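Participant: Take this structure, written in structure tokens, and hold onto it; I'll ask about it next.
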Amino acid sequence: MLWLVMAVLSALFAGLTSILAKCGIKKTDSDVATALRTIVVLLFSWVMVFVVGSAGGITEISSKSLIFIILSGIATGASWICYFKALSMGDVNKVVPIDKSSTILTVLLAIILFGETKNLKVKLICTALLAAGVFLMIEKKNSGEKHVKRAWFPYAVGSAVFAALTSILAKIGIEGVESNLGTAIRTGVVLIMAWLIVFIKGKQTQLKNLDKKELGFIGLSGLATGGSWLCYYYAIQNGVVSVVVPIDKLSIVVSIIFSRIVFKEKLSRKALLGLCLMVIGTVLMALFT
């Protein structure tokens, strides 16, 4: 059950990623920050490849696996760009729940595409709890926010959709491929995509005026992401996707706890109920499927 432990560690690191990234994009443009932190993740990923000695396996990857790894990298890049854009515009406890709604789509796709129908009724009930929890958290509003623009919302939704596609494409792509090697290759795709966005938008000039403190947080968020990815893709390669993904999404608990401590963001009773439903649905899915 090592894959289950890896899924839990993935959630912990992913939760820290959101907080560290938020600290690093107060002044720094989100696209630039995404491109910079991807460098850290890429280096981290290849270090692990050489540590486990799987670099030689790159020549043995089939065309099909390589295509799906590349596609999962593109989906990841799109998800990251949307996510950190949303995070730069909205509160952590608003953006993160929407991003985590990707769990619902991922579970349904895993059932349809991979035939993961064991304990189907339990999975569907748990998915319904997740959906209800996400809805309650998304709907959280304070009276003083009625006229505040929610420009971050479409980016958060885009992040969730692309994140769901990432999990499915990665499951297909890393079949027969060592998980660390698969992660390193797809991170390279994300890096290319992230820097293309920076240069297409003409934001490369901002690199000259980066805040050193924020750069440090961006680097730490990259390390946290690298750790999360390595644990996550080991887990989905060796475990059950419809169980691993919900556990990974428990990173929302870590993110919200730290958002309260670091950014003083509060949850309403309605949002707290939603968070509880998400946790219950996730735990039940992990225990009974």
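Counting from 2, one number per residue, gives the positions in the sequence shown under this note's numbering.
Don't be surprised by glycine CBs; every beta carbon is placed ideally from N, CA and C.
On a predicted model such as this, the values are computed, not experimentally measured, just so you know.
Just how far apart, CA to CA, sit Leu-170 and Ala-79?
Facilitator: Here residue 170 refers to the residue found at position 169 of the sequence shown. Here residue 79 refers to the residue found at position 78 of the sequence shown. Their backbone Cα atoms lie some 14 Å apart in a straight line.
Participant: Since Trp-1 is in the alpha helix (DSSP H), which residue starts that stretch and which ends it?
Facilitator: This structure does not reach residue 1, given that the chain is present from 2 up to 290, and the question cannot be answered.
Participant: Considering just the uninterrupted stretch of the alpha helix (DSSP H) at Ala-12, what are its terminal residues?
Facilitator: Counting from one through the sequence shown, the residue named residue 12 turns up at place 11. Note, Ala-12: alpha helix (DSSP H), 3-25.
Participant: Should Ser-11 go down as buried or exposed, given a rule of 16 or more other Cβ atoms within 10 Å for buried?
Facilitator: On the sequence shown, position 10 is the one that residue 11 refers to. Buried.
Participant: Assuming contact is defined by CB atoms lying nearer than 7 Å, are Ala-111 and Ser-243 in contact in what I supplied?
Facilitator: Here residue 111 is taken as the residue at index 110 of the sequence shown, counted from 1. Here residue 243 is taken as the residue at index 242 of the sequence shown, counted from 1. Against a cut-off of 7 Å, the Cβ pair of Ser-243 and Ala-111 comes out as a contact.
Participant: Would you kindly report the start and end of the unbroken alpha helix (DSSP H) that includes Asp-100?
Facilitator: Sequence index remark: in the sequence shown, residue 100 carries index 99 (1-based). That run of the alpha helix (DSSP H) goes 93-101.
Participant: Within the continuous alpha helix (DSSP H) that includes Thr-39, where are the two ends?
Facilitator: On the sequence shown, residue 39 is found 38 positions in, with the first residue counted as 1. Counting along the chain, the alpha helix (DSSP H) containing Thr-39 begins and ends at 31-53.
Participant: Quick one: Cα of Met-49 to Cα of Thr-29, how far?
Facilitator: Residue 49 sits at position 48 when you count from the first residue of the sequence shown. Residue 29 sits at position 28 when you count from the first residue of the sequence shown. Roughly 29 Å between the two C-alpha positions.
Participant: Quick check on DSSP: helix, strand or coil for Asp-212?
Facilitator: As a working mapping, residue 212 is identified with position 211 in the sequence shown. It is coil, neither helix nor strand.
Participant: In terms of residues, what are the limits of the alpha helix (DSSP H) holding Gly-58?
Facilitator: On the sequence shown, position 57 is the one that residue 58 refers to. First-last for Gly-58: undefined, no H or E at that position.
Participant: Measure from the alpha carbon of Leu-231 to the alpha carbon of each residue in Leu-43, Trp-153, Lys-23, then state which is nearest.
Facilitator: Taking the sequence shown and counting its residues from 1, one reaches residue 231 at position 230. Per the Cα distances, Leu-43.
Participant: Give me, in chain order, the residues of the same chain whose beta-carbon lies closer than 8 Å to that of Gly-145; leave out the 5 immediate sequence neighbours on both sides.
Facilitator: Working through the sequence shown from its first residue, we reach residue 145 at position 144. For Gly-145, the pLDDT reaches just 48, beneath the cut-off of 50, and the residue's location in the model is therefore unreliable, leaving the point undetermined.
Participant: Just to check my reading of the structure: Ser-260 and Asn-94 have Cβ atoms closer than 8 Å, yes? What is that Cβ distance to the nearest angstrom?
Facilitator: Indexing the sequence shown from 1 puts residue 260 at position 259. Indexing the sequence shown from 1 puts residue 94 at position 93. Between Asn-94 and Ser-260 the Cβ distance is about 5 Å, and since that is below 8 Å, they are a contact.
Participant: Run through DSSP, which three-state label would Gly-116 get?
Facilitator: If you number the sequence shown from 1, residue 116 lands on position 115. Gly-116: coil per DSSP, three-state reduction.
Participant: Count the other CB atoms, across all protein chains shown, that sit within 10 Å of the CB of Thr-283; report buried if there are 16 or more and exposed otherwise.
Facilitator: The sequence position of residue 283 within the sequence shown is 282, counting from 1. When all chains shown are included, Thr-283 counts as buried.
Participant: Tell me whether Pro-98 is buried or exposed, calling it buried when 16 or more other Cβ atoms sit within 10 Å of its Cβ.
Facilitator: For the purposes of this step, residue 98 is taken as residue 97 along the sequence shown, with counting starting at 1. When all chains shown are included, Pro-98 counts as buried.
Participant: Would you check if the distance between the CB atom of Leu-130 and the CB atom of Leu-276 is smaller than 7 Å?
Facilitator: Your numbering for residue 130 matches position 129 in the sequence shown. Your numbering for residue 276 matches position 275 in the sequence shown. Their beta carbons are not under 7 Å apart, which means Leu-130 does not touch Leu-276 by this criterion.
Participant: Please look up how many angstroms separate the CB atoms of Ile-82 and Thr-118, rounded, as I've assumed it's under 8 Å.
Facilitator: Position 81 of the sequence shown, counted from the first residue, corresponds to residue 82. Position 117 of the sequence shown, counted from the first residue, corresponds to residue 118. Ile-82 to Thr-118, Cβ: 34 Å. No contact.
Participant: Please classify Lys-202: does DSSP put it in a helix, a strand, or coil?
Facilitator: Working through the sequence shown from its first residue, we reach residue 202 at position 201. In this structure, Lys-202 counts as coil in the three-state DSSP scheme.
Participant: Give me, in chain order, the residues of the same chain whose beta-carbon lies closer than 6 Å to that of Met-7; leave out the 5 immediate sequence neighbours on both sides.
Facilitator: Taking the sequence shown and counting its residues from 1, one reaches residue 7 at position 6. Result list for Met-7: Cys-232, Tyr-235, Ala-236, in chain order.
Participant: Assuming contact is defined by CB atoms lying nearer than 7 Å, are Ala-15 and Ser-103 in contact in what I supplied?
Facilitator: Taking the first residue of the sequence shown as position 1, residue 15 is located at position 14. Taking the first residue of the sequence shown as position 1, residue 103 is located at position 102. No; because the gap between Cβ atoms is not below 7 Å, this pair is not in contact.
Participant: Please tell me whether Leu-32 and Glu-266 are closer than 7 Å, where the distance is taken between their beta carbons.
Facilitator: Start at 1 with the first residue of the sequence shown, and residue 32 comes out as number 31. Start at 1 with the first residue of the sequence shown, and residue 266 comes out as number 265. Residue identity differs from the one stated: residue 32 is Asp in this sequence, not Leu. In this structure, Glu-266 does not lie closer than 7 Å to Asp-32 by Cβ.
Participant: Tell me which residues share the same chain as Asp-100 and place their Cβ nearer than 7 Å to its Cβ, disregarding the 5 neighbours each side in the sequence.
Facilitator: One-based indexing of the sequence shown puts residue 100 at position 99. If we look at Asp-100 and ignore the five residues flanking it on each side, its Cβ neighbours are Tyr-84, Ala-157, Ser-160, Ala-161, Ala-164.
Participant: With 16 as the cutoff for other CB atoms within 10 Å, does Ala-76 come out buried or exposed?
Facilitator: Position 75 of the sequence shown, counted from the first residue, corresponds to residue 76. Buried is the call here.
Participant: Have a look at Leu-192 and Ile-40 and give me their C-alpha separation to the nearest angstrom.
Facilitator: Within the sequence shown, the letter at position 191 stands for residue 192. Within the sequence shown, the letter at position 39 stands for residue 40. Going from the Cα of Leu-192 to the Cα of Ile-40 covers about 7 Å.
Participant: Only counting the same chain, and skipping five residues up and downstream in sequence, which positions put a Cβ closer than 6 Å to that of Ala-133?
Facilitator: Position 132 of the sequence shown, counted from the start, is the residue given in the question as residue 133. Cβ neighbours of Ala-133 beyond the five flanking positions: Leu-278.
Participant: Short of 6 Å in beta carbon distance, which residues of its chain neighbour Ile-307, apart from the five on each side in sequence? Order them along the chain.
Facilitator: Only positions 2 to 290 of the chain appear in this structure, which leaves residue 307 out of reach.
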